[in-house]
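Asker: Heads up: take any position in the sequence shown, counting from 1, add 205, and you land on our numbering.
All C-beta atoms, glycine included, are put in the ideal place defined by N, C-alpha and C.
Here it is: the structure, laid out below.
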Amino acid sequence: MPRCTPRTTLDRLRTPRRFPKFLKAASICVLVAGLLSPLTQAAAAGGPAGLAADDYCGGRCSDILPPGENGNATLAQILLNQVFGTQPDHAEDQLGPYSNLASGYSTLTDDKINTFFNDASFGVASDQVASTTKPGGRTDVTIVRDKKSGVPHITGTTRYGTEYGAGYAAAQDRLWLMDVFRHVGRGQLTSFAGGAPSNQGLEQEFWRNAPYTEADLQAQIDSATAGAGARGTQALADANAYIDGINAYIDASDSGRYFPGEYVLTGHKDAITNAGTIDHFKLTDLVALASVIGALFGSGGGGEVNNALSLLAAQSHYGVTEGTRVWESFRERNDPEAVLTVHDGESFPYATKPDTAQGVALPDAGSVAQEPLVYDRTGSAGTAKATGTSATAAATALSSARRGMSNALVVGGNATASGHPIAVFGPQTGYFAPQLLMLQEIQGPGLSARGASFAGLSMYVELGRGQDYSWSATTSGQDIIDTYAVELCQDDYHYLYHGTCTAMDKVERTNSWKPTTADGTAAGSYRMQVYRTKYGPVEYRATVGGKKVAYTTLRSSFMHEADSIIGFQMLNDPDYVKSPATFQSAVQHINYTFNWFYADSAHTAYYNSGDNPVRASGVDAEFPVWAQAPYEWRSWDPATNTAAYTPASAHPNSVDQDYYISWNNKQAKDYTTAPWGDGSVHRGNLLEDRVRKLVAAGGVTRSSLTKAMADAALADLRAEDVLPKLLQVVNSSPVTDTTAAAAVTKLSGWVTAGARRKETSAGSKTYADADAIRILDAWWPLLVKAEFAPGLGTDLYTAFTANLPVDESPSAAHGPTGAHAGSSFQYGWWSYVDKDIRAVLGQSVQGGLAQKYCGGGSLSACRDILISTLKTAAGLTAAQVYPGDDQCSAGDQWCADSIVQRALGGIKHGRITWQNRPTYQQVVEYTSHR
């Protein structure tokens, strides 16, 4: 029987309401008993473990990826989980250690690191082998799984066999998830998994940005491999072998009846007769998957129409000259107080403000309308909830505030106790069940790596370690997406291209669904429709100077979702990556927008990747420009969507800086990123302040750097970096109001205690300083509006909040990450409040706002505003501040913050206490080098 994780370890989630009552009935045991015989795949027992490849980490490489490696579950296992809470083996055994770091980091020592992480050494000790599999009966590849975490260690004697094994292992661990996301990438999720509003929103969000036909997907494979020489040929062979491995597992699990149970619950397979099919994977599925991952984490830019609307609002309120000055001060393109990853003063100009902008195509006031995506709704697709979900998906897809997550702390050997560099880094990819990423070790001809890869794209390790080096990435967000105003001609579906009236291409998807056991959403259907131009898909309609236009978005990675495969292949090749220079060369082949970090036994390195287009002289990347030849990207070819790109030397890069930090902050001086909020207070400061102190003191260890990360993961950015200045204003005169005074005392005590959102003790589900946290959570949105709205006016304040959300606290159910997502404090008005309050206090401010807003610049008036809003906030109950949702009861502060592994399949997991840290994380220190 599958084991049951003790309920005392994790907060058990409720049974989802969508599951029919029969799944909750005691008679379930009869059904389960009939299914237990084909419960798991047969594996060859025992056998020798694969010999460890060259490993220069000396036992000092560790990693973690919750909830667990096993993301597949048979129907029997799903039913047992839903009724009794039992977990399949290795489904959540990394969730407890991951969660426990929040309470255990303060006493962390190097010898305790693997209490909270896995040993990421190469190979498996013979006494730790759980199973040995020869996938498909092949003799050229072996999959060994370890006892502790069930991670697959794939060893091949041929390149084909190695990649076949990687595909087989991926399907063993994530087949259902891979199937879900190949349908998301094609805009066909609802027809496959059900019409739940969340499924509708997911497919709409991604298909809007990547509306590819099957021919488009194939063309990207042909282009990516044909242009890369021998490596392109090898990549195609690797991908084909990988697909063969996936399909071999599909056939084996189908005939053996241990395929994921979701196929039964969604009506694709019959539990009794085994009728039905699981479609084989094909190469174009990998491109569809890549388009989703790229859109989620690696496509910076966009938002130019929203920028235009807020600029017009500013000019309307203040006049053109002053309005533009105010807008620029809030935009913070190149804020001198912003925390930087490359902090040695080197400048990397990109997307800077031109002296005189050319070709700007601002819309006429009131003329902008978002291009509809969904048409012909029937049944449940027409409900208010479904249409609301569509609106949210569209706003997310069109915003520049994308899911820029992940962090990195890298310290050079000059500041460490051992003299070797140390890195603690990883991506924040959200929390899902099963997880989007999966762990693996892959050893074969030209391949030697262990780490994490996105499910369905794991022919190579994408984030992890090689023989004597580790690498990781954070989302960078520089602007590779521009908005063009295409002038319409003839009708609304033709546009001028270089003077010729040209028809738009229409791409459509029609999806329909009916209720299933897994998703009881009533039957419904709709049609998604996107018009594409040579300048990209149409996103808005408007008029400019009275002329009808369509605003389109052109992304440099559009039609190039597969190109990055060459860079990842290089990272896995021990004969290629041997130094910082070869590492940087490898990641230069990745066209998505990421910050890449590297550490070996002697060196550290950094490189910012992405195909940054060379814009025409005078073009301002912040705003829409006319779709005319003088304003196009240099050397742009619309047939292939290729252009001239900035050279590698122009991308922020560095070798052996004393330390690096990144939490999606500004990369370097003069390097403009698309999202707003790179100002004086950014969550990157939480890392910068801690790492800088460690480096100054010297003697940094793996545990001390991990502690710095873990401490920042519990910090409330507002409380640590802004609240002390707010209290300075409030305390500029004695606080006589008893309600306000009591609140000030609580807030001050919290700041003194470290401003953390931390449990009183492990598992207490109650925060220390709970009242202070409640007060600040309630106060922040009130004080921001009271501070800025009177001066900006309602229209401009609202427009600026569309550019940058006011808040992103852990419990916030708004903003780019939603609720229960862990990642917090990336997007918010903390820098604006900080600069404004410092100005009111008469303190020095570099790159200040154009005007003083709090109390019109009067300290006493500002103080009155802060005290008034503080009193209101203090009077709000916990139930008002934390109103409850489908996970939590109203007033449950800890639960409101808690991280939920969002179910993408039939297995559910427990909540864990809030932490703002990478989902997959490495702690590494190499002791030697080849």
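Between Gln-933, Cys-262 and Leu-642, which has its C-alpha nearest Arg-1068's C-alpha?
Answerer: The residue given as residue 1068 occupies position 863 in the sequence shown. Looking at the Cα atoms, Gln-933 is the closest of the given residues.
Asker: Would the beta-carbon of Lys-487 fall within 8 Å of that of Gly-481?
Answerer: Working through the sequence shown from its first residue, we reach residue 487 at position 282. Working through the sequence shown from its first residue, we reach residue 481 at position 276. In this structure, Gly-481 does not lie closer than 8 Å to Lys-487 by Cβ.
Asker: If we require 4 or more residues per run, which alpha helix (DSSP H) segments fall completely within the stretch 515–542?
Answerer: 525–536
Asker: So does the stretch 988–999 actually touch the stretch 1058–1077, counting three or more Cβ pairs closer than 8 Å?
Answerer: Short answer: they touch.
Asker: Jot down the residue ranges of each uninterrupted beta strand (DSSP E) in the stretch 705–789, minimum 3 residues, whole runs only, in chain order.
Answerer: 705–708, 710–718, 729–738, 741–749 and 752–760
Asker: With three or more C-beta pairs closer than 8 Å as the rule, is the stretch 535–543 touching the stretch 866–882?
Answerer: yes
Asker: Going by C-alpha distance, which of Thr-279, Ser-308, Ser-311 and Tyr-310 is nearest Ala-296?
Answerer: Here the question's residue 296 lines up with position 91 in the sequence shown. Comparing Cα-Cα distances from Ala-296 to each of Thr-279, Ser-308, Ser-311 and Tyr-310, the minimum goes to Thr-279.
Asker: Please report the distance separating the alpha-carbon of Gly-255 from that of Arg-655.
Answerer: On the sequence shown, residue 255 is found 50 positions in, with the first residue counted as 1. On the sequence shown, residue 655 is found 450 positions in, with the first residue counted as 1. Caution applies to Gly-255, whose pLDDT of 42 falls short of 50 and renders its modelled position unreliable; the model cannot decide the point.
Asker: Does the Cβ of Ser-1065 have 16 or more other Cβ atoms within 10 Å, making it buried, or fewer, making it exposed?
Answerer: Position 860 of the sequence shown holds residue 1065. When all chains shown are included, Ser-1065 counts as exposed.
Asker: Report yes if the C-beta distance between Ala-667 and Phe-773 is below 8 Å; otherwise report no.
Answerer: By 1-based counting over the sequence shown, the position of residue 667 is 462. By 1-based counting over the sequence shown, the position of residue 773 is 568. In the sequence on display, residue 667 carries Glu and not Ala. Annotated as proximal: Glu-667 and Phe-773, with beta-carbon spacing under 8 Å.
Asker: Please list, in chain order, all residues of the same chain as Ser-232 whose beta carbon is under 6 Å from its beta carbon, the five residues on each side excluded.
Answerer: As a working note, residue 232 is residue 27 in the sequence shown. Bear in mind that a pLDDT of 34 at Ser-232, under 50, signals an unreliable position, so the number given afterwards is only what the model happens to contain. Around Ser-232: no qualifying Cβ.
Asker: Give the DSSP-derived three-state secondary structure of Ser-1065 in the structure shown.
Answerer: Within the sequence shown, the letter at position 860 stands for residue 1065. Reduced to three states, the DSSP call for Ser-1065 is helix.
Asker: Would you report the Cα separation of Thr-418 and Arg-760, rounded to the nearest angstrom?
Answerer: Translated into positions along the sequence shown, residue 418 becomes position 213. Translated into positions along the sequence shown, residue 760 becomes position 555. Between Thr-418 and Arg-760, the C-alpha separation is close to 17 Å.
Asker: Rounded to whole angstroms, what is the Cα-Cα separation between Arg-1135 and Asp-673?
Answerer: Translated into positions along the sequence shown, residue 1135 becomes position 930. Translated into positions along the sequence shown, residue 673 becomes position 468. Looking at the two C-alpha atoms, the distance is approximately 7 Å.
Asker: My parser needs the alpha helix (DSSP H) runs of 4 or more residues fully inside the stretch 850–902; what are they?
Answerer: Those alpha helix (DSSP H) runs which fall completely within the stretch 850–902 and span 4+ residues are 889–902.
Asker: Suppose you measure from the CA of Thr-597 to the CA of Pro-402; what does that come to, to the nearest Å?
Answerer: If you number the sequence shown from 1, residue 597 lands on position 392. If you number the sequence shown from 1, residue 402 lands on position 197. Straight-line Cα distance between these residues: approximately 11 Å.
Asker: Please say whether Asn-452 and Leu-380 have beta carbons closer to each other than 8 Å?
Answerer: To locate residue 380, count along the sequence shown from 1; it is residue 175. To locate residue 452, count along the sequence shown from 1; it is residue 247. No. Outside cutoff.
Asker: Using 8 Å as the threshold, is the C-beta distance between Gly-355 and Gly-1111 below it?
Answerer: Walking along the sequence shown from the start, residue 355 turns up at place 150. Walking along the sequence shown from the start, residue 1111 turns up at place 906. Cβ distance not < 8 Å, so Gly-355 and Gly-1111 don't count as in contact.
Asker: Return the residue from the list Asp-768, Asp-421 and Thr-395 that minimises the CA-CA distance to Trp-718.
Answerer: What you label residue 718 is simply residue 513 of the sequence shown in a count that begins at 1. The residue with the shortest Cα to Cα distance from Trp-718 is Thr-395.
Asker: Please report the residue range of the beta strand (DSSP E) in which Ile-627 lies.
Answerer: Residue mapping note: residue 627 aligns to position 422 of the sequence shown, counting from 1. Taken as a continuous stretch (DSSP letters only), the beta strand (DSSP E) holding Ile-627 covers 627–631.
Asker: Is Gln-1031 helix, strand or coil when you go by DSSP?
Answerer: Working through the sequence shown from its first residue, we reach residue 1031 at position 826. Coil at Gln-1031, not helix or strand.
Asker: Look at the Cβ atom of Ala-1044, then the Cβ atom of Ala-948, and state whether they are nearer than 8 Å.
Answerer: Counted from its first residue, the sequence shown places residue 1044 at position 839. Counted from its first residue, the sequence shown places residue 948 at position 743. No, the pair does not count as a contact, with Cβ atoms beyond the cut-off.
Asker: Considering only their Cβ atoms, is the gap separating Arg-387 from Leu-470 smaller than 8 Å?
Answerer: Taking the sequence shown and counting its residues from 1, the one referred to as residue 470 is at position 265. Taking the sequence shown and counting its residues from 1, the one referred to as residue 387 is at position 182. Going by C-beta atoms, Leu-470 is not nearer than 8 Å to Arg-387.
Asker: Pick out the complete beta strand (DSSP E) segments inside the stretch 356–418, 3 residues or longer, and give them in chain order.
Answerer: 357–361
Asker: With DSSP run on the structure shown, which of helix, strand or coil describes Asn-170?
Answerer: Limits of the chain in this structure are 206 at one end and 1135 at the other, which puts residue 170 out of reach.
Asker: Can you check DSSP and say which residues form a bridge with Cys-266?
Answerer: Sequence index remark: in the sequence shown, residue 266 carries index 61 (1-based). In the DSSP output, where bridge partners are listed per residue, Cys-266 has Val-1129.
Asker: For Arg-1043, does the three-state DSSP call read helix, strand or coil?
Answerer: In the sequence shown, counting from the first residue as 1, residue 1043 sits at position 838. Reduced to three states, the DSSP call for Arg-1043 is helix.
Asker: Starting from Tyr-580, follow the beta strand (DSSP E) in both directions and report where the run begins and ends.
Answerer: For the purposes of this step, residue 580 is identified with residue 375 of the sequence shown, where counting begins at 1. For Tyr-580, the enclosing beta strand (DSSP E) covers residues 579–584.
Asker: In this structure, does DSSP put Gln-287 in helix, strand or coil?
Answerer: In the sequence shown, counting from the first residue as 1, residue 287 sits at position 82. If DSSP states are grouped into helix, strand and coil, Gln-287 belongs with the helices.
Asker: From this set, Ser-908, Ala-994, Trp-881 and Trp-955, which residue's C-alpha is nearest Thr-320's C-alpha?
Answerer: Taking the sequence shown and counting its residues from 1, the one referred to as residue 320 is at position 115. Considering only alpha carbons, the answer is Ser-908.
Asker: Cutting at 7 Å between CB atoms, please list the residues of its own chain near Arg-391, excluding the five before and the five after it.
Answerer: As a working note, residue 391 is residue 186 in the sequence shown. Within the same chain, Arg-391 has close Cβ partners Ala-493.
Asker: Report yes if the CB atom of Asp-861 is closer than 8 Å to the CB atom of Thr-809, and no otherwise.
Answerer: Taking the first residue of the sequence shown as 1, we reach residue 861 at position 656. Taking the first residue of the sequence shown as 1, we reach residue 809 at position 604. Cβ atoms of Asp-861 and Thr-809: closer than 8 Å.
Asker: For a minimum of 4 consecutive residues, which ranges assigned as the alpha helix (DSSP H) are wholly contained in the stretch 922–949?
Answerer: 922–926 and 928–935
Asker: Only counting the same chain, and skipping five residues up and downstream in sequence, which positions put a Cβ closer than 6 Å to that of Thr-213?
Answerer: Taking the sequence shown and counting its residues from 1, the one referred to as residue 213 is at position 8. With a pLDDT of 33 at Thr-213, under the threshold of 50, the predicted position of this residue should be treated as unreliable, though the coordinate-derived value follows. Excluding positions up to five away in sequence, the list is empty.
Asker: Within 10 Å of its beta-carbon, does Cys-266 have 16 or more other beta-carbons around it, so buried, or fewer, so exposed?
Answerer: In the sequence shown, residue 266 corresponds to position 61, counting from 1. Buried is the call here.
Asker: I'd like the span of the beta strand (DSSP E) that includes Tyr-700, first residue to last.
Answerer: Walking along the sequence shown from the start, residue 700 turns up at place 495. Start and end: 696–702.
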